[in-house]
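Just so you know, the protein sequences line up as chains A and B, in that order.
Position one of the first sequence corresponds to residue 1 (the UniProt record's numbering), numbered consecutively onward.
Position one of the second sequence corresponds to residue 1 (the UniProt record's numbering), numbered consecutively onward.
Note that the Cβ used here is the ideal one computed from N, Cα and C, for glycine as well.
Just so you know, these numbers come straight off a predicted model, no measurement behind them.
Working notes, structure below.
Protein chains: 2
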Amino acid sequence: MGECLLLLHPSTGNGLVESLQSCPATNPSMLNVHLVPHTHDDVGWLKTVDQYYYGDRNNIQHAGVQYILDSVIDQLQKDPARRFIYVETAFFYRWWKQQNQSTQRIVTQLVNEGRLEFINGGWCMSDEATTHYSAVIDQMTLGLRFLNDTFGECGRPRVAWHIDPFGHAREHASIFAQMGYDGFFFGRLDYQDKARRMKTKEMEMLWRASESLTPPLADLFTGVLPNGYNPPEGFCWDQSCDDAPIRDDPDLEDYNVDEIVQKFLNAGFYKANHIIMTMGSDFQYENANLWYKNMDKLIKYVNALQAKGSKVNVLYSTPSCYLQELNLANLTWPLKTDDFFPYADDAHDFWTGYFTSRPALKLYERLSNSRLQTCNQLEVLGGPKSKSGPFGEGDSDTMKRAMGVAQHHDAVSGTEKQHVAYDYARRLATGWAHCEVLVRNSLAILSGSEAPHVFCENLNISVCPLTESSHKFSMNVYNPLGRTVSWPVRLPVNGSVYSVTDANGRAVDSQVGNVFISLKCTCYIYDMKSSCLLPLLSVRWFHSSSAKPTATLFDILHYFLNYFGVSVNTMVGIMCVFVLFDNHRYNASAGNNKESPQTSGAYIFRPNSSDPFVINKTAETQIVTVSSTVQEVTQWFSPWVSQVVRLYEGHRELELEWTVGPVPVADGLGKEVITRLDTDIKSSDYFYTDSNGREVLERRKDYRPTWELKQTEPVAGNYYPINSRAYIKDDKHQLTVVTDRSQGASSLYNGSLEIMLHRRLLYDDYRGVGEPLSEPGDFSDGLVARGRLLLTFTPPDTAADVHRPLAQGMVLQPLLSFQDGTPSANTKLEVCRGSMDG
Amino acid sequence: MGECLLLLHPSTGNGLVESLQSCPATNPSMLNVHLVPHTHDDVGWLKTVDQYYYGDRNNIQHAGVQYILDSVIDQLQKDPARRFIYVETAFFYRWWKQQNQSTQRIVTQLVNEGRLEFINGGWCMSDEATTHYSAVIDQMTLGLRFLNDTFGECGRPRVAWHIDPFGHAREHASIFAQMGYDGFFFGRLDYQDKARRMKTKEMEMLWRASESLTPPLADLFTGVLPNGYNPPEGFCWDQSCDDAPIRDDPDLEDYNVDEIVQKFLNAGFYKANHIIMTMGSDFQYENANLWYKNMDKLIKYVNALQAKGSKVNVLYSTPSCYLQELNLANLTWPLKTDDFFPYADDAHDFWTGYFTSRPALKLYERLSNSRLQTCNQLEVLGGPKSKSGPFGEGDSDTMKRAMGVAQHHDAVSGTEKQHVAYDYARRLATGWAHCEVLVRNSLAILSGSEAPHVFCENLNISVCPLTESSHKFSMNVYNPLGRTVSWPVRLPVNGSVYSVTDANGRAVDSQVGNVFISLKCTCYIYDMKSSCLLPLLSVRWFHSSSAKPTATLFDILHYFLNYFGVSVNTMVGIMCVFVLFDNHRYNASAGNNKESPQTSGAYIFRPNSSDPFVINKTAETQIVTVSSTVQEVTQWFSPWVSQVVRLYEGHRELELEWTVGPVPVADGLGKEVITRLDTDIKSSDYFYTDSNGREVLERRKDYRPTWELKQTEPVAGNYYPINSRAYIKDDKHQLTVVTDRSQGASSLYNGSLEIMLHRRLLYDDYRGVGEPLSEPGDFSDGLVARGRLLLTFTPPDTAADVHRPLAQGMVLQPLLSFQDGTPSANTKLEVCRGSMDG
């Protein structure tokens, strides 16, 4: 109950349901129009989150959240009937800490009285296609915890509110249900789906959002808002709008009260007793007076007609109060069990490009999630001194907030402007810098040694100054997972012969080349009760060299398939298919298509042909190595597309390390590069994709479970987001791909699974970002992206046993740190941790 | 003293000068930077005055004055240090009457404390080039009276503030001085003049604004504002600006306090102890929080440096408080005795086109002034019943307000958008409709007859349904002037023979044609003490016709010159010259000139050649009439330029009735049509133009009295506004032209005087209006304008005796009204009035 000052419901005299008590009175014999004043404040998009907060760089977009909150708080005080909802805690947090006590008291009072209501309440309004559930839970926790710490029970959001994300994930609904939200509202869904729902009055439904949880554990009331999240046409009174204000002074020109009232009454309401109207939009209410002054008049003049027999009752309200009225009405809702992907707002406008947009940012966000978990764990393991220790002041909060904004639906989604993408990355880097101090402090506490640890951030591009220059160094591996993992490590070195030993001086199984050491480190669970095994590795350089055995692709596949007891005959069939890793590309529509001018862009995927182009049919294969540790083959498909196929000793998965870019665009065509895995699995148009890295949904080509799809984009209209994995299967076999970041995926042919790796485009796609998605590279004119796919080939019924641990290992990766020379004798590093309790 | 709540000056403990007492403390040992928060609210420009008030049609321009005042009043209450000035009473009046008592009390308190200060305070900020002083006095009276009635002494503006008008008239300064203003600030002056004044530190001066009034009666402190009326670059924090806000949270990105403070300190102040900074601009402060929040921070952080030795003290202030500090400093100022016309903001950018822009609106405004005076007089003469009498409810207030906004520097100036020009005209028409009722009531009271009076609005295009259809009608002439006038009347009729008699049945000297009756009516002064002569005319139609004598142009000029005893020889010389009414035109620059892309437009006059084109060297002359009443000759120069030359019996002036339009533009060239009067007067580059229709200033070609002019536009740079007259002279002769509206005029050759009559242009001139000045016509594709010039040719020392009464008669024209049939026997119309006391 907190310390809410409860306002009793005026029409009933008391409130049966706690959450009802501060809601405005409605009129049961009339159509009640719930005006919901709101602002939608992107936590970064065309401007960075702080530029939005301050109202900086208004030449890009006029938006200043500090002023929105200033203004709304002022206006709410002018009339107790007025209400406002606020959503994005990342912004509210910035504002709150700059307020003096007097303002904070006023705001608290407004919250307690239900006049200012927090809705959703996460740090941001997360993207649903490209986020991992663990990061979503973290960002929701960050926001909700702040609200709870600040306002107690009265600050608790009761409604989830994802009015802008471009499609909706079932896992998000499941999380919201499990978090205790009373309902969920969103604005965007497929235009065909929306038309049908409008017609059949199924805009509101019950979403059963989990196949594994027992109902109603993941059941959630879900409503589609009537106007997206905008006001009805002609009723936008924000400073950013041009709609006519209500001119009610008869002495002045253009008195328009009668006209506006009539227009409002003709606005075509739902045939229900209650209707919600979102009165606001992007960054609106910077000057809230404009909105409230005109809404005050609207309410006054529309309700004045009740005296003449009108049955329309307009009131200030909130989503919670609207939902309460629906609950009181005790209605039955249609059931929804799948999700709302992909999202299309017109026949050739599928928002399936952003599943892959900005692949490097998507990877960095995912790695940062892993690092944040490590940071959190070491903060606990190291105790209070980890935040202030021998290496200075460290914290995990900066990283939490950076990850919080990175979950935003224009952040990890890749749909922000380039300078904003850099800002998200910089925030993550800064977050990690704060964590690094904490981690160093914690490792020092845990090991009893203050010898500095070095982190090599650039191992993905084979750069680590310490390992490249030192003749003797040691490596720590911290495993954030709650179980033992085996993890391949590949370190750039300068010599040709090294010896690798573990902390006990035992030789470690490794392959030492003249530029790399590849090794597999086994990292055990940390047990709080007992001392942990220390896979501390000492690497010592020997001057010598050795001939190396070589492998062929055939050899590798042979090993790979061998695990599954596949016969040679079958294997050959499958192998034909694996020739396959020849990457393909789609050329992007440039806006000159006769059916629609829609281009491919940051949001939209629209190839100019349904058949992808093969980049090169005959890959140049460079055979590298076979050792007891790893076998690998590098394939070059073109100067800008290559792939290393690796099989690690003792591992059951095949690793594909792809490198794509800079994507050439001198031919005037944007390109979207996929890897396509063709098998003879009889998948019959079905395929499977995860939802936010947790449960898996069945997909079917050219089909939607809840309405009869008219397919208008045979490729883009079949793409779905994957966060951790996708698979195809038949009765006997399942090919599962585990990925290192969120991507778009589809299956367009029987036995085929394709994953979009990288995109570079030459046109904006008219959804507001105003830039073509053409990321610059550090060393070249376009971004080079690199990533890993892990393939497993299993019987369907045992597939999960393999891909689940693999996916977990991808999400929570071991943290490597290095020390020059021999570690001090009393080094006692506890590098593993106990079970996850997230 | 009123009921001001006086705040004592904190640093002195008491205030010697009444107006000082509510001013903020300054620091005498520092440079005091007076931040003056202000908004500049055009009373119509791109939108109509009511669209601006309400914030309607924001797609044209984002501006809503109701919100500005709402917002500023809110923000002023948040901190007693904050100040604001408000200028345009037309807007404040609209806002004030919509406020509840509580808000009105708050505002009154803010005014009493000097936190909200009215500056200028007229109904609008009048144009200075194209307004008549009588209308300026009226609009100032309207605004100041409202402020006085509402706020008493504390609402009295102490400073005149014309920050936007495009050049400054000496008569305006004189009026302001005589009205008791302490000083005058403006923003725009010639760029060469400004550069010189900046250099010589003469941005502030004493303006001795009358040649005839004894100093210091018309002396006025006058200051040129340093940044026009805008904030210094980089410090515009309005919602309409994109400058960086002050970001003072060190936890967020882009902390910029040090940078902003340094930039402010480097802003290059005047080398004085006080400097004024206008913090605002067009329609700013709609969301005043943005401004005040950032200025609060600026003041805080800049003044914080005083502790480290900084000598800069920033404070919220007002122009009055700044002026008070200047007064206290007891300085001496340079003297200014001419005016600030013409205004150029660059070498090829002379704002001399608007002197003539929208000639029909300019005439309608001038006629409306005349009508308003008549309306005012009849309101007094008819007593209270004139406002509510047999013809209904009438008032003069509507017309006063319409005239009030028409004086605005984007109204009668002709620099508004077309739809706004229509709005001004409509307001004047509505104002007159209210006055008409009042006038009818008053005439009924005065005459004792309720027979309805008809007003013929369209006599200028020869339309009057009553006179055209009636066989017998009577006409009243109301003379608003304080003396007897003789006034030619020309009525469209349908018959060919009429008899015209006065109220006593005596025949009136008239010329009756088959489409017109021309007559001269003598209208006497009304004497309150005695009954007035009634020049009530009865017109009766006779079916008959008569042969008419004819005149030649030579005859007319002969008569004209004969008045002045000019010898035949001289006359022939002068006549050569009068061949000259052949109108000329300038073709407008189209923006493709190599020296500058400046075009001719609503503001700017820029011919594409210094020599005007003769429209037609041989006019087709249609000889019309010689009678005892009038002799007239019509000349057709082209299908779109014609002129009637008239000489009335007993009159000493020659009337030129010009008709210009629709100006053809099919050749892709805009055109500016002038009439040029070439004489052999030895004017030696000197000519004379009136200032707001009152005193006259000497002009000299390619010369400015106060600085060494570098002439860059030989035509446009020599144009000056005339409101009522212009003349050239030598020792013996003076040619004076009296005009019916404001126009542009110049003398580019010895003995030549040219007047611009009409303009039609194809390009916008980049000063914001965003439209080419190409007025549509009612009956054709372009506006046809018609007007009158009265020419007198006299010895210089008696010229004023002739042109002064003529000009007065032009400004205050008799009002004609008509009644069908014979007036009732007991009609006793008092049609003239006593002496003007304006």
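| Query | Result |
| --- | --- |
| Are there three or more Cβ pairs, one per stretch, closer than 8 Å when the region 674-683 of chain B is compared with the region 717-726 of chain B? | no |
| Where does L677/A fall in DSSP's three states? | strand |
| So, is R646/A buried or exposed, given that buried needs 16 or more other C-beta atoms within 10 angstroms? | buried |
| On the CB-based measure, 16 or more other CB atoms within 10 Å of its CB, does A90/B come out buried or exposed? | buried |
| Per DSSP, M295/B forms a beta bridge with which residues? | Paired residue(s): none; M295/B is not in a bridge. |
| So, for M403/B: in the same chain, excluding its five sequence neighbours on each side, which residues have a beta-carbon less than 8 Å away from its beta-carbon? | A135, D138, Q139, E365, S368, N369, L372, L428, G431 |
| Should E379/A be flagged as near chain B, meaning a C-beta pair shorter than 9 Å? | no |
| I'd like to know if L252/A contacts chain B, where contact means its C-beta is closer than 9 Å to some C-beta of that chain. | yes |
| Let me know the secondary structure DSSP gives E202/A once reduced to three states. | coil |
| Is the Cβ of residue 865/B closer than 9 Å to any Cβ of chain A? | What is shown of chain B runs 1 to 838, which leaves residue 865/B out entirely. |
| Closer than 8 Å: is that where the CB of Q51/B sits relative to any heavy atom of the ligand ZN? | The ligand ZN is not among the ligands present in this structure, which contains no ligands whatsoever. |
| For chain A, check one thing: does any of its Cβ atoms lie closer than 9 Å to the Cβ of K729/B? | no |
| Report the neighbours of D258/B on chain A: residues whose CB is nearer than 7 Å to its CB, in chain order. | Here the premise fails: no neighbours, minimum Cβ distance about 16 Å. |
| Quick one: list the residues of chain A neighbouring R247/B, beta-carbon separation under 8 Å, in chain order. | D50, Y54, D56 |
| Residues of chain A with CB closer than 7 Å to the CB of E88/B, please, in chain order. | Simply none; closest approach about 15 Å. |
| If you check the beta carbons only, do I85/B and P250/B fall under 9 Å apart? | no |
| Check each candidate in L656/B, Q109/B, E695/B, F605/B and name the one with the smallest Cα separation from G414/B. | F605/B |
| Which residues bound the alpha helix (DSSP H) around residue 847/B? | Outside the displayed span of chain B (1 to 838) sits residue 847/B, for which this structure offers no information. |
| State yes or no: is the beta carbon of K97/B nearer than 9 Å to at least one beta carbon in chain A? | yes |
| So if I threshold CB-CB distances at 7 Å, which residues from the region 781-802 of chain A count as touching chain B? | none |
| Decide if the region 747-755 of chain B is in contact with the region 390-405 of chain B; the criterion is three or more beta carbon pairs, one per stretch, under 8 Å apart. | no |
| Do we get a CB-CB distance below 9 Å when we pair L361/A with the residues of chain B? | no |
| What in chain E is Cβ-close to D74/A, meaning under 7 Å? | Going by chain labels, chain E is absent from the structure shown, which instead holds the protein chains A and B. |
| Quick one: grab the DSSP three-state call for I604/A. | coil |
| Could you tell me whether any Cβ in chain A is nearer than 9 Å to the Cβ of S462/B? | no |
| Would the beta-carbon of L142/A fall within 9 Å of that of P157/A? | no |
| Less than 6 Å between C-beta atoms, sequence neighbours within five positions excluded: which residues of the same chain meet that for N27/A? | N313 |
| Does DSSP put R788/B in a helix, a strand or coil? | strand |
| Which residues bound the beta strand (DSSP E) around G474/A? | Note on residue identity: the sequence assigns Ser, not Gly, to residue 474/A. Taken as a continuous stretch (DSSP letters only), the beta strand (DSSP E) holding S474/A covers 472-478. |
| Would you report the Cα separation of I275/A and N32/A, rounded to the nearest angstrom? | 6 Å |
| CB-CB under 6 Å to D42/B, same chain, minus the five flanking residues each way: which ones, in chain order? | D410 |
| Could you tell me if K61/B is buried or exposed, where buried requires 16 or more neighbouring beta carbons within 10 angstroms of its beta carbon? | Per the sequence shown, residue 61/B should be read as Gln rather than Lys. With 16 or more other Cβ atoms within 10 Å, it is buried. |
| Compute the Euclidean distance between the alpha carbons of Q711/B and P342/B, then round it to the nearest angstrom. | 12 Å |
| C532/B CB to nearest chain A CB: under 9 Å? | Caution is warranted here: a pLDDT of 30 is assigned to C532/B, below 50, making its placement in the model unreliable, and the coordinate value is therefore given only provisionally. No, C532/B does not count as interfacial toward chain A. |
| Jot down the residue ranges of each uninterrupted beta strand (DSSP E) in the region 634-703 of chain A, minimum 3 residues, whole runs only, in chain order. | 641-648, 654-660, 671-678, 686-690, 696-700 |
| For D702/A, I'd like the list of residues in its chain whose CB is within less than 6 Å of its CB, leaving aside the five on either flank, ordered along the chain. | Q711 |
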